[in-house]
Each structure stands twice: as structure tokens, then as C-alpha cells.
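Below, the structure is given as C-alpha cells:
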């Protein structure tokens, strides 16, 4: 039986991407389709609850050509896999990463074989998430290369894949294969999970899920322009209104250094809420230095900001406002259509998936021996 398999890291397919032909009629129909589902989300309903019976038009099952094109969606068709070679020489890694291939159908990933006198076959065929093939005795885990680069950064803090313990990674990922042998049991996000059926469904309004997550050429200029021209990023933080309430809180009994460290490990929304409730938290989080460090910890996926030492940041930028703004505009959400942001939003989504694997990976790494 034919079916699609999905990237173990981003959850998106390797084929079947449909982009609608440009036309004013199609654009207007798409707008109505997405608006109806956005209203459903705002009302607390799931998009899936908008039944076909509520529709007066034919379903839309393709992506918006104004947002994605074949030039920036072709990456989805290029597949690699993480597999296991039981006959690998002793002392070497048994896990391996295949060369680039493509998804053929029915769980099969095809990779052209390198020239080898001992291997007359012109291609190697792997079984994704299944019970193995001649090429690998166990399941292989398919992925897009840029997704693996994001995973590498999540696991090691750098982009060099040589620093990843492939054996540990393979043994961490394989138990997570789902019952349909099509993906891992990870939180890919509602928009991706809705699209994962027997075949990948191109859901209008979810184009960000299919956008290249690391090839994002417009984001640097976008951020720099905002730093220079967005007056909202230079406004002083609102003063805390203590009228009629006691500013004492449990945090007030702790040294400020401890409060600082606690705040560094909280989500941004929690820090903001606590700052309104606790004078101690408010004082600690007024400093630009706090928010600079907080962004580095809380937004590791935004490496354009992390590594931009040469970026010209105006002295009057309020880093708390900058964090809140970046957190809002890069949040992956249904209906996103800003081509400068959707790639970063997809990267942020994939990073969240990779963090689920990172926890398991680090727990499984062999511990260094301590000499007595």
C-alpha cells in the first residue's frame, strides 16, 4: 500500500508539495478559506472542526504561490537517513548517515550507490521506520539535511555534525517510531500533525511548515531595520504600579543574584507576569544586560541575533521590548504570510522538536570516567 513517510525532525513530507497557479480568483478563495479557520482558532475551535459541510466552495489543497515557490520548496524532496550497520568494524560507529536520496513511496528511501566494484547495484533502498532492508537490518530514520543541522546545533551548540554521537542518537530515536511507521512520536505542532495523513496534505495557511528553516536571507536586514526605525523597541519599560499593594514577595527574601538565576530559567511570558507581581523580579528584569543574556538562552534558534557581534544596535534599544517583539513575530502560527519571517518560525518549531530529542540524548551519553 502506498503511503508517505515524514521527516523525523520536522515532521514534513518528502514529496507531494502542491503550489496553486497564480490567479486573482484563487487568491480570494484562499483568503476566505484561511480567514474562516483563523476565526475558528480565535473562538477556541480546532481547524479540523470546520467541517466540509460549512464550506460553500471546493476545498483548497495547495500552497500560496505568493509565499512559497519551487525554488524554496525543493529542499523538501532531498532526503537522508540515519541507519544502523551491524557489521561495522569494531571500535567504529555502527550508526551511519546515508548520502542524499529521495522518498520513493511505501516507506522506501532510495539512495544512489557510490561507485564500488564490490557493489554492482546502482542504488540502495532503505525502509523508513520499518523492520529494515538488505541495506540496514533495522529501521532508518529519514530527515532533511537542514533539519539535521538544526538538531546538531541543539545537541552540541555548534553546526559540526562530527560532534554528534550517532550511535546514541539512533538508539534514542528508534524507540519513538509511531505505530504507522511514518514519523516519530514527537510534538511537531498542530499544523504539521493535521497534514500528516496517508499522504501529506498541503494545508493553506500552513506554508511556514514547508519553508526552508535555515536559508532565511531576509531576516538580518529585517531585524536591523527594526532596530533602527521601530520606535516601540526604544520605549522605556512601563513603571510598576505599587499603589495599594504590598511589594513583599517570597523572592524579596532571596539575594538578587539567586532571583536573577531563577528568572534566567523561566519562559519569557512567566518572567513578564512575575515582574508585574513581584518588586524583586521587576527590579532584576529592568536591566538591559538581563534581557541580552535571556535572549541568548531563550532564543538559541535565532542565531542571526546570537552571532551578530558586528550588528549595529542603537544605544537606546530596550532589550526587554526587543525580546517581546522577537518572541511574538517568530512564533509559528497558522495563517503566517510574511515571507521574511516564516522560515525562522519554522526553524523555531523544529528546534522545539529537537529539544525533545536533546533531553533523551544527553541522558544517554556515556559518562566520562573519573580517575581516582
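Numbering (the numbering used here), first residue to last: 50 to 421. We put the beta carbon where it would ideally sit given N, CA and C, even for glycine.
Identified DSSP bridge partners for residue 176: 157
Same chain, Cβ closer than 6 Å to residue 337, neighbours up to 5 away in sequence not counted: Excluding five sequence positions before and after residue 337, the CB atoms of its chain that fall closer than 6 Å to its own CB belong to 368, given in chain order.
Cβ shell of residue 341 (< 6 Å), same chain only, five flanking positions each side left out: 368
Bridge partners - residue 245, DSSP secondary structure assignment: 249
For residue 294, three-class secondary structure by DSSP: Below a pLDDT of 50, predicted positions are generally treated as unreliable, and residue 294, at 47, falls in that range; no measurement from the model is reported.
Whole alpha helix (DSSP H) elements within the segment 306-347, 4-residue minimum: Entirely contained in the segment 306-347, the alpha helix (DSSP H) runs reaching 4 residues are, in chain order, 317-326, 328-333, 337-347.
Stretch pair the segment 360-378 + the segment 275-283: three plus CB contacts closer than 8 Å: yes
Residues bridged to residue 150 [DSSP beta-bridge criterion]: Beta bridge pairing from DSSP links residue 150 with 128, 160.
Those residues which DSSP pairs with residue 62 across a bridge: 55
Nearest neighbour of residue 259, chosen from 72, 91, 391 [CA to CA]: 391
Runs of alpha helix (DSSP H) wholly within the segment 185-239 (minimum 4 residues, chain order): 194-205, 215-222
Inter-residue spacing [alpha-carbon to alpha-carbon] between residue 378 and residue 184: 44 Å
Buried/exposed call for residue 133, threshold 16 Cβ in 10 Å: buried
For residue 387, the first and last residue of its enclosing alpha helix (DSSP H): Element bounds for residue 387: n/a, residue is neither H nor E.
Exposed unless 16 or more other CB atoms sit within 10 angstroms - verdict on residue 350: Flag for residue 350 reads buried.
Residue-level contact to chain D via CB, residue 212, 8 Å cutoff: The chain labelled as chain D is not found in the depicted structure, where only one protein chain is given.
Reduced DSSP secondary structure (H/G/I, E/B, other) of residue 350: Coil, per DSSP.
Straight-line gap, residue 311 to residue 355 (C-alpha atoms, nearest Å): 22 Å
The alpha helix (DSSP H) enclosing residue 76, as first and last residue numbers: Where residue 76 is concerned, the enclosing alpha helix (DSSP H) stretches over 73-91.
Cβ distance (whole Å) where residue 52 is taken to contact residue 155 below 8 Å: Between residue 155 and residue 52 the Cβ distance is about 6 Å, and since that is below 8 Å, they are a contact.
Cβ neighbours of residue 230 in the same chain (closer than 8 Å, five flanking residues each side left out): 54, 156, 177, 178, 179, 188
CA-to-CA distance, residue 405 to residue 153, given in whole angstroms: 28 Å
Beta bridge counterpart(s) of residue 144 as assigned by DSSP: 133
Where residue 96 falls: helix, strand or coil (DSSP): Here residue 96 sits in helix by DSSP.
Through-space distance from residue 306 to residue 315, alpha-carbon basis: 15 Å
Pick from 116, 161, 93, 98 that is closest to residue 130, judged by C-alpha positions: 161
Residue 193 burial status per 10 Å Cβ neighbour count (16 or more: buried): buried
Where residue 272 falls: helix, strand or coil (DSSP): The answer is helix: DSSP assigns residue 272 an H, G or I state.
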